[in-house]
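Counting from 132, one number per residue, gives the positions in the sequence shown under the numbering used here.
Have a look at the structure below before the remarks.
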Amino acid sequence: MLALTFTGVARAEPVDFGRDVQPLLADRCFHCHGPDAKHREAELRLDVREAALAARAEGLPAVTPGKPEESALLARVSSADAELRMPPEDSGRKPLTSAEVALLRRWIESGAEWDRHWSFEPPRRPPLPADVTARHPIDAFIRNQLRTHGLAPAEPADKRTLIRRVTLDLIGLPPTVDEVEAFVADDSPDAYEKLVDRLLESPHYGERMAWPWLDAARYADTGGYQGDPDRTMWPWRDWVVRAMNDNMPFDQFTVEQLAGDLLPDATLEQRLATGFNRNHMHNAEGGRIAEETRVENVFDRVETTGTVWLGLTLQCARCHDHKFDPTSNEDYFGFFDFFNQTSEGGGTDRSTAVPPSLGYVPLEQRNRLESLDRRLAEARQRLLAPAAETDQRQAKWEGDWLQQWRSRPRRWQPLRFSAARSSGGAKVEQRDDLAVHVTGNRPEKDSYELTARTFGTISQLRLEALVDPQSPGKSVGRDELGNFVLSELELSWRPASNDGGAESGEFQPLAFASAEASISQGGYVAGQAIDGKLEPNNGWAPSGHTQKEPSWAVFRLREPLRAEGDIELSLRLRFESQHTHHAMALFRVSTSESSEVRGDESAGEDASLATLLELPADRRSEQQRLQLRERFRRTQPEYAPVVAELSELQRERDAAARAAAEVRVMVMDTIGKPRPTYVLVKGLYNNVTDKQVSARVPGMLPPLAPLPPQRADSTPNRLDLARWLVSADNPLTARVTVNRLWQEIFGRGIVTTPGDFGLQGARPSHPELLDWLAVEFVESGWDVKRLLKLIVTSETYCQSARTTPELLEKDPDNALLARSPRRRLPSWMLRDQALSIGGLLERKLGGPPVRPYQPAGVWAEATFGKKQYAMDAGEKLYRRSLYTFWRRIIGPTMFFDAAKRQTCEVQPSLTNTPLHALTTLNDVGYVEAARALAARALKRPGTAEERIAWAFASATSRPPESRELSLLSRRLDEYVRRFREQPAAAEQLLAIGASPPDAALDAAEHAAFTTLCNTLLNLDETLVRP
C-alpha cells in the first residue's frame, strides 16, 4: 500500500477509512467476518457499518464510534491472550502490529467514519490542484504528490530518448535512424505532437496495442488441454487490430465483442467480434462429459468479463459468497446467466471452429472483390448504354443467330417452362438460370407438373438435381436430411401452333428405353423412375443426405421425337416414396437431339442464348434484354476496348474469388428457448440446486437499465450487459480501462492490481488522477487514441529516466513517477525490434498465423509426439510476433515470461531470465537479424567507423560516443582478422538463417560485422525502453 510505504506522512494525516482502515480490515478480518455468509464466524460482520456497530448479546459492539475502550474489535486485536487475540494464530493471517492497532484506535476515536469502497463509487472529475505549476492536467496531479513527499520531477529527456521511447510505446517498433535525425532537426514547437500523431495513425499502432488485449482475451491458435487441437480464430485477432487502428470507441469495442450478434441487423464484422468470448480453452478429450465442458466454458466467460471490464475477482464467488468483496454466490450465477444462453454444446468436437461458428471471408479479400465488382459494373454500364442504331442492328443479329442455331445439331438445351405447379401446394418458380425452385408448403407426397415449348428432335431428357442452400437439409431434397426419391417420370408431347398457342390435340406419351445417373443410392437406381411401377420403395434417389452435391439422371427415349415445327412438352415428376417430404428442391431439365451426349456435358453458352431468343421479345425481363444486348455488343468492333477491359477485370475478379477462401470462426449466438440457470453447489456442473436465478449484475453496483416495454416478458441478455458495462453509471469500466492503458505506457498501473479493484486490490497511487482520467475518457466518447496522446504528451511521460540515491531511497518502485520508468522490453517486442533493425521485418498486416524459427522437437515433446512443428519459409519467417502461431499448451519458445493465453491475464510480467539472454545472443532469428544489419551497414558508403556509427544508431537511436566508437572499431578489426584466419567459421556464421547472404560482400568482413551487430542488438540500451 502506498499509504503504508510512506509511513511518516501517513501518521501525520487524519485517518482515512478507505485508505487506512478498510484495507486492514479486509486483509485481517473479512475472511471470517466479511461478505461470505456461509462461512462467517460468530455472526459478526465487519464489512458493513451497521453490522459492525450493532449491539451484541454477548457483550460490546465490535465498534463504538468515539469510544475505543467500548469497542470489542480493538480489544480483540490488541489482546495479550493468544486465545482471545484476533486474527487467530491458525488463521494464516498475521496479527496486527502496534502501529496498526494504534491506527484503529485513532479511527474509532475520530468517530469511525465509514465509506463505501472507493472503486464502487462513481468517478467524479476532481479539480486540478490549485497551487501546483503545471501546463498539463496529468502533471498537476503527479507533481502534487511529489511535493507532498518532498520530491521534484526529473529534467526533460533528450529528443533521441524521447522518440525512441514513444515509438516503442505506441507502435512496438524502434524508430529508424532517419526518423530520429528528422525529429532532432525539427525545431518547431509542435514537433513532438506531430510525431505522436504520426505514430497513432500508423497501421502498426493497432498491432502493438492488440497484444495486451489478446493476453486478456486468452487468444491462441489451439484449443488447449492434452489434445490441443488447432482452431481458426485469427480473423478475430485481425478484427481487434483493425478496431484499434480505426480508433473504434471503447464502448462500441465493448458492445461488439460481448454482444455484436445481438445488435439490430448485425454485420458480419460485428458477429465476428463476439469471438472474444470463444477464445477460451475447450476440452475435447475423449470421455469428457459435454455438460461439464460447457459449464466450464461459461465460467471462463464470466470471470474473463469480470476481470477485463470490472477489475473484479468474480471467480472468488463461484463456490460461495466472496470472502472480501460484496459479491454473493447468487450474484455470480446471475452473471453466469448472461453467458449461459449460447447453443455451444461442450462436446468432444475437435474441428477448427467448434459451433456456433461463422463462415467468414477476410475483410481485405471482401474489399478487393467489392472493388472489382464496382469496376465491372461501371464497365458493363458503358457497354450497355442505350444506342438506337446499335439496337437496330441487334434485332437483325438475333434473327440471323437463331436461324443458324436451329440449323445445327444441339447438345443439351435447357427447357423454359410456361407453366409449373405442385399438386401438394408448394410454390414452383423457374429462375433466370432456368433452374426450377420449389419452396413453401412441404406435403408428405407431391407431384410436379411442368409445360414447355421447344422444337426439333429430342432423343433424351436430362434432370439435374441442384443443391438448394435454403432447403431444410441444405441439399437436393426437401426433407430434413436433404434427399428425394423420384418415384416416376412421365413425359408427353403435342404439336404447338405457330402463334404460340397450343393445338387442341391430346398429349401423347413418350416411352423411355433406358436411364443412367451420376449418383444413385443402393436399391434406388435411375431406371426405376421409368419402369411404370408407382410403389413406395421404388424410384431414383441420389445420396443427398450424405454427399450434399449436385447429381443428374439422363432418360433416353425408345424412339427419338422428330416433329415439324414447334412442340409442347408436358413433364410430370412424381414423388410417392414411403419417406415423407422426399421431393426435389431445386432442379433443371434439358433435352438433347443426340442420344450420344453424356449427362455430365455442359449445355454451353449458346444453348442459354438460344433459350433466351426463343422467348418472345414482349415476354423478356429487363435483365434478359440486357443479357442479349451484352452478348451482341461483345461481337461489335466499336465495343472492343470496353470488352477487353471487362475481360481483364473478370480475370482479376475470378483470381480474387479463388483466393478469397471462406474460413469458419467460433462466435457467440443465442439459443431459441432460454436455458434456466441454477446455483451450482461448489461450482460443480452436476450438483445443481433448486435455486433458479436470472441474469443480473453484482448487487453493490448500479442495476441494469430497465428493459423496454416490448421486452417486458424477457430477461436481460448480453447486449444489456455490454451496454451496462459502458454506461455512465458504471463506476468500474472506465477506471479499469484507463488503468490498463496507463500500465501499458508506464509499466505499472495507477492501481497495481489491474485485475482486482476490489477490497483485496491495491489502492490507487494517484486516486484523483485516476478519476480525472476516467471521466475524461468517457466524456471524450471513449476515445483511446486521445487518451494515449494525453498521457504521452505530459511532462511526466517526457521526463528523463535518470535516478538519484534520494529517489531510490524515498520511492524505490517509482510509484510517484519522479522519473520516467526504464524497463526491459517484452520478449515479443524484442524480436520485432531485431527484425526491424535488421531490415527483415515483413510489415503487412493480418492473415493466418505463421511459424517462424523454433527449436526442433519442442511440440513433439509436449504432445507425446502427436504434434510436429513445420517451420514456414520466406516472408512468413519475418512477420511480427503478433502473428506467430500460439499453441496453447506450449507457447512460442522465444517469448519468455509472456502470458500463457490459457486464462485471462491483464498484468504482464517483465523478463530477466538468463535464458532470454541466451536466446538474443544465439537464436537463429536474432543472429540472422544481426547478419542482415551488418549487410545493410556494409552497403552504405563511407568509412568503417561511419558504418559502425550507423549500425549503433540503428540499435540504440543515438550516435556512439567517441570512446564507444573507438572500442567498437578495435573489436571489428579483431573480428576481421580472426575470420580471415578461419574462413570456414565465417561461412558457417553467414549460413545461419533462411535468407541468403549477399555474395557480393567480403565473407570475412560480413562475418566480422555480423558479430559486432550481434553485440549491438544485445546492448542494455537496445533491450530496454528508455
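Glycine residues also receive a C-beta, built at the ideal position from the N, C-alpha and C atoms.
Spell out the partners DSSP gives aspartate 697 in its beta bridges. Working through the sequence shown from its first residue, we reach residue 697 at position 566. For aspartate 697, which the question treats as bridged, DSSP gives the partners Phe586.
To which residues of the same chain is serine 623 closer than 7 angstroms at the C-beta, ignoring the five residues directly before and after it? As a working note, residue 623 is residue 492 in the sequence shown. Closer than 7 angstroms at the Cβ level, and outside the excluded window around serine 623, lie Phe638, Gln639, Pro640, Leu641 and Ser701.
Based on the DSSP secondary-structure assignment, which residues constitute the bridge partners of tryptophan 671? Start at 1 with the first residue of the sequence shown, and residue 671 comes out as number 540. Answer by DSSP bridge pairing, in chain order: Leu617.
Limits of the beta strand (DSSP E) - the one that aspartate 504 falls within: Taking the sequence shown and counting its residues from 1, one reaches residue 504 at position 373. Not the beta strand (DSSP E): aspartate 504 falls in the alpha helix (DSSP H), residues 494 to 514.
Where lysine 1229 sits in the DSSP three-state scheme: Look at the range of the chain in this structure, 132 to 1157, and you will see that residue 1229 is not part of it.
With a floor of 4 residues, list each alpha helix (DSSP H) that falls wholly inside the region 1073 to 1136, ordered by position along the chain. 1075 to 1087, 1093 to 1112 and 1114 to 1121
Which whole-angstrom value is the C-beta distance of glutamate 286 and serine 1088, which I expect to be below 8 angstroms? The residue given as residue 286 occupies position 155 in the sequence shown. The residue given as residue 1088 occupies position 957 in the sequence shown. With 8 angstroms as the limit, glutamate 286 and serine 1088 do not qualify as a contact, their Cβ atoms being about 19 angstroms apart.
Do alanine 415 and proline 486 have their CB atoms nearer than 8 angstroms? Within the sequence shown, residue 415 is the residue found at index 284, counting from 1. Within the sequence shown, residue 486 is the residue found at index 355, counting from 1. No; because the gap between Cβ atoms is not below 8 angstroms, this pair is not in contact.
Would you tell me roughly how many angstroms separate the C-alpha atoms of alanine 633 and alanine 694, rounded to the nearest one? Position 502 of the sequence shown holds residue 633. Position 563 of the sequence shown holds residue 694. Residue placement at alanine 633 is poorly supported in this model, since its pLDDT is 47, which falls under 50; the coordinates are not used for a value here.
Option nearest glycine 663 by Cα separation, candidates Glu690, Arg542, Leu620 and Ser845: Position 532 of the sequence shown, counted from the first residue, corresponds to residue 663. Answer by Cα proximity: Leu620.
Three or more C-beta pairs under 8 angstroms: does that hold for the region 578 to 593 against the region 543 to 558? yes
In its own chain, which residues sit with a C-beta less than 7 angstroms from the C-beta of arginine 402, not counting the 5 before and 5 after it? For this step, residue 402 is matched to residue 271 along the sequence shown. Excluding residues within five positions, the ones whose Cβ falls inside 7 angstroms are Gly391, Asp392, Leu489 and Val798.
Closest by CA to alanine 99, which one among Val152, Ile294, Arg295 and Cys163? This structure does not reach residue 99, given that the chain is present from 132 up to 1157, and the question cannot be answered.
Within a Cβ cutoff of 8 angstroms, which residues of the same chain sit near leucine 1154, ignoring the five residues on either side of it in sequence? Your numbering for residue 1154 matches position 1023 in the sequence shown. Around leucine 1154: Arg955, Leu956, Leu961 and Thr1051.
Contacting residues, own chain, Cβ-Cβ under 8 angstroms from glycine 437 (five flanking each side not counted): Indexing the sequence shown from 1 puts residue 437 at position 306. Closer than 8 angstroms at Cβ, skipping near neighbours: Leu443, Thr444, Leu445, Gln446 and Phe466.
For tryptophan 543, the first and last residue of its enclosing beta strand (DSSP E): Translated into the one-based positions of the sequence shown, residue 543 becomes position 412. It spans 543 to 545 - the beta strand (DSSP E) in which tryptophan 543 sits, taken as one unbroken run.
DSSP three-state call for alanine 660: helix, strand or coil? Taking the sequence shown and counting its residues from 1, the one referred to as residue 660 is at position 529. Alanine 660 falls in the helix class under three-state DSSP.
Is asparagine 408 closer than 8 angstroms to arginine 432 when the C-beta atoms are compared? For the purposes of this step, residue 432 is taken as the residue at position 301 of the sequence shown. For the purposes of this step, residue 408 is taken as the residue at position 277 of the sequence shown. Yes; because the gap between Cβ atoms is below 8 angstroms, this pair is in contact.
Where does alanine 1056 sit, in a helix, a strand or coil, going by DSSP? Taking the sequence shown and counting its residues from 1, the one referred to as residue 1056 is at position 925. Correcting the residue type first, residue 1056 is glycine in the shown sequence and not alanine. Three-state result, glycine 1056: helix.
Kindly confirm or deny that the region 587 to 598 and the region 720 to 728 touch, where touching means at least three C-beta pairs closer than 8 angstroms. yes
Please specify which runs of the alpha helix (DSSP H), each continuous and at least 4 residues long, are wholly inside the region 1023 to 1070, giving them in chain order. 1045 to 1053 and 1055 to 1069
Looking at the structure shown, is glycine 912 part of a helix, part of a strand, or coil, going by DSSP? As a first step, residue 912 is located in the sequence shown; it is residue number 781 there, counting from the start. Coil, per DSSP.
What's the gap between the Cα of isoleucine 922 and the Cα of phenylalanine 888? By one-based count along the sequence shown, residue 922 stands at place 791. By one-based count along the sequence shown, residue 888 stands at place 757. Cα-Cα distance, rounded: 22 angstroms.
What is the rounded straight-line gap between the Cα of tyrosine 1000 and the Cα of serine 1126? If you number the sequence shown from 1, residue 1000 lands on position 869. If you number the sequence shown from 1, residue 1126 lands on position 995. Between tyrosine 1000 and serine 1126, the C-alpha separation is close to 20 angstroms.
Determine the contact status of glycine 878 and arginine 871, defining contact as a CB-CB distance below 8 angstroms. Counting from 1 along the sequence shown, the entry for residue 878 is found at position 747. Counting from 1 along the sequence shown, the entry for residue 871 is found at position 740. Contact: no.
Whole alpha helix (DSSP H) runs in the region 395 to 419 with 4 or more residues, listed along the chain? 399 to 404
Counting C-beta neighbours from all protein chains within 10 Å, is the total for aspartate 1054 16 or more, i.e. buried, or is it exposed? Residue mapping note: residue 1054 aligns to position 923 of the sequence shown, counting from 1. It counts as buried.
Threonine 385 versus valine 857: straight-line alpha-carbon distance, rounded: Within the sequence shown, residue 385 is the residue found at index 254, counting from 1. Within the sequence shown, residue 857 is the residue found at index 726, counting from 1. Taking the straight line from one Cα to the other gives about 8 angstroms.
Excluding the five sequence neighbours on either side, which residues of its own chain have a C-beta within less than 7 angstroms of the C-beta of lysine 920, listed in chain order? The sequence position of residue 920 within the sequence shown is 789, counting from 1. These residues qualify, in order along the chain: Val327 and Leu331.
For the region 679 to 698 against the region 648 to 658, are there 3 or more C-beta pairs whose distance is under 8 angstroms? yes
Cα separation between glutamine 383 and leucine 1064? As a first step, residue 383 must be located in the sequence shown, where it is residue number 252. As a first step, residue 1064 must be located in the sequence shown, where it is residue number 933. About 42 angstroms.
DSSP three-state call for alanine 203: helix, strand or coil? For the purposes of this step, residue 203 is identified with residue 72 of the sequence shown, where counting begins at 1. In the structure shown, alanine 203 sits in a helix (DSSP, three-state: H, G or I).
Looking at the secondary structure, which residues open and close the alpha helix (DSSP H) in which serine 958 lies? Stepping through the sequence shown from its first residue, residue 958 is reached at position 827. Segment 958 to 968, the alpha helix (DSSP H) holding serine 958.
When we look at the beta-carbon of threonine 228 and count the other beta-carbons within 10 Å, is it buried (16 or more) or exposed? Taking the sequence shown and counting its residues from 1, the one referred to as residue 228 is at position 97. Looking at its Cβ environment, which holds fewer than 16 other Cβ atoms inside 10 Å, threonine 228 is exposed.
Is leucine 177 helix, strand or coil when you go by DSSP? Position 46 of the sequence shown, counting from 1, holds the residue named residue 177. Leucine 177 falls in the coil class under three-state DSSP.
Rank Glu776, Val372, Thr195 and Gln985 by C-alpha distance to the C-alpha of alanine 1004 and give the top, closest one. Translated into positions along the sequence shown, residue 1004 becomes position 873. That would be Gln985, whose Cα lies nearest to the Cα of alanine 1004.
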